[in-house]
Amino acid sequence: MTINEVKYMVLDIKLEDQTLRIARMDYLKPEGICSPAFHSTTINREILDYSDGYENVTFMYDCPKSLHQKYKPCSISNGVKHKNWSVKAGDHDSGICDASVFFPVPKNWTAIIDDDPFLRQILSQGFELKLKKLRGISCENCNNSNGTCGWGPFSNETICFCPNQPNQPFGSTNACPGNDFELHGVIIEEEKELAKKMVLVSLWCIQTIPSDRPSITRVVEMLEGGLECLQVPPKPSLASQTRSPQHFSAIASSSSTA
1 MTINEVKYMV LDIKLEDQTL RIARMDYLKP EGICSPAFHS TTINREILDY SDGYENVTFM
61 YDCPKSLHQK YKPCSISNGV KHKNWSVKAG DHDSGICDAS VFFPVPKNWT AIIDDDPFLR
121 QILSQGFELK LKKLRGISCE NCNNSNGTCG WGPFSNETIC FCPNQPNQPF GSTNACPGND
181 FELHGVIIEE EKELAKKMVL VSLWCIQTIP SDRPSITRVV EMLEGGLECL QVPPKPSLAS
241 QTRSPQHFSA IASSSSTA
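Numbering-wise, the sequence shown is residues 1 to 258 according to UniProt numbering.
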């Protein structure tokens, strides 16, 4: 996966906790520390956040010896970007060094980050992110209706993407339409069935095309019949109904006569 132009390997996903563990792919390589392919590790804090207990450390590259830091040499081989590196706790810009990259590590490990093998182990274990609670629909209701929870393209709101409707997600609803939707707060089966029938019948009655709306007699039949006999109505069309040329001719004739 890619976050802010940095590529990561997904190591673990915990759906019940809504967390995932990821590791930078460039630092997983043998010479990864000496040849970072990407910039500093950053995330979209409006959607994701670091799990508790992490803070950043900064890799400093090709700093002058006057800084008196503990430098570790990089092996001379093809593809290695830098000659040496050091690591400091916290976020730091490159300053007079050639480059810097910061990366999250567990707080209780920052005191021993100078240990090269241990640091590489930390990088290989990655770090944990948690999904923030966003505005919008309940993903549980969406998933129970065979939908897929996602994010809106222009806002940090959750959307329920419904099957067979890839271009028109139900952005303001909390479930996909169908006979298997869940109703909360309804206790007995008779009440649940009646509530579902009333929802479906109401959707039929608000159709924008008059010919799609049932008559009063048909509404009574739908409410008195079984739930399995009811069909899901089409989504209301927001466009004006196309009128035939004969219809406009009739309107013009009546206007001229008047």
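Glycine included, each C-beta is placed from N, C-alpha and C at the ideal position.
Member of the options whose CA lies at the smallest distance from the CA of residue i
i, options, result
"residue 294", "Lys70, Glu140, Asp26, Arg218", "The first residue shown for the chain is 1 and the last is 258, placing residue 294 beyond what the model contains."
"Lys88", "Glu46, Ile76, Tyr71", "Tyr71"
"Arg24", "Glu224, Ile216, Phe127, Ser77", "Phe127"
Rounded separation between residue i and residue j - CA only
i, j, result
"Glu228", "Val199", "14 Å"
"Cys63", "Ser145", "57 Å"
"Met9", "Ala37", "14 Å"
"Ser172", "Ile159", "Note that Ser172 scores a pLDDT of 44, beneath 50, so its modelled location is shaky and nothing firm can be said."
"Asn56", "Ser75", "25 Å"
"Arg218", "Cys162", "29 Å"
"Glu193", "Ile209", "27 Å"
"Arg120", "Ala195", "59 Å"
"His82", "Pro73", "9 Å"
"Glu140", "Gly32", "40 Å"
"Ser86", "Asp98", "12 Å"
"Pro104", "Glu5", "17 Å"
"Lys65", "Gln18", "45 Å"
"Ser77", "Pro30", "11 Å"
"Gln69", "Trp109", "19 Å"
"Val220", "Leu15", "44 Å"
"Cys176", "Leu230", "16 Å"
"Gly90", "Arg45", "18 Å"
Beta carbon of residue i nearer than 8 Å to that of residue j
i, j, result
"Phe102", "Thr41", "yes"
"Cys34", "Val80", "yes"
"Met60", "His39", "no"
"Pro106", "Tyr54", "yes"
Spatial neighbours of residue i in its chain, beta-carbon cut-off 8 Å, leaving aside the 5 residues before and after
i, result
"Pro233", "Leu200, Leu203, Trp204, Gln207, Asp212"
"Asn84", "Tyr61, Asp62, Cys63, Tyr71, Lys72, Pro73, Cys74"
"Asp49", "Ile43, Leu129, Lys130, Lys132"
Presumed contact (8 Å Cβ cut-off) between residue i and residue j, rounded CB distance
i, j, result
"Thr58", "Ser100", "5 Å"
"Leu11", "Arg21", "4 Å"
"Leu129", "Ser51", "7 Å"
"Ile43", "Ile96", "Their Cβ separation, rounded to whole angstroms, is 28 Å, which puts Ile43 and Ile96 out of contact at 8 Å."
Neighbour flag for residue i against chain B, beta carbons, 8 Å
i, result
"Tyr54", "Protein chains in the displayed structure number just one, and chain B is not present."
Residues near residue i in its chain [Cβ-Cβ closer than 7 Å; skip 5 each side]
i, result
"Leu223", "Lys197, Val201"
"Ile122", "Val105, Trp109"
Own chain, CB closer than 6 Å to residue i, minus 5 neighbours either side, in chain order
i, result
"Ile13", "Leu20"
"Ser94", "Ser100"
"Lys7", "Met25"
"Gly226", "none"
Distance cut-off 7 Å: residue i Cβ against heavy atoms of the ligand FMN
i, result
"Glu140", "Absence of the ligand FMN is noted for the structure shown, with no ligands found whatsoever."
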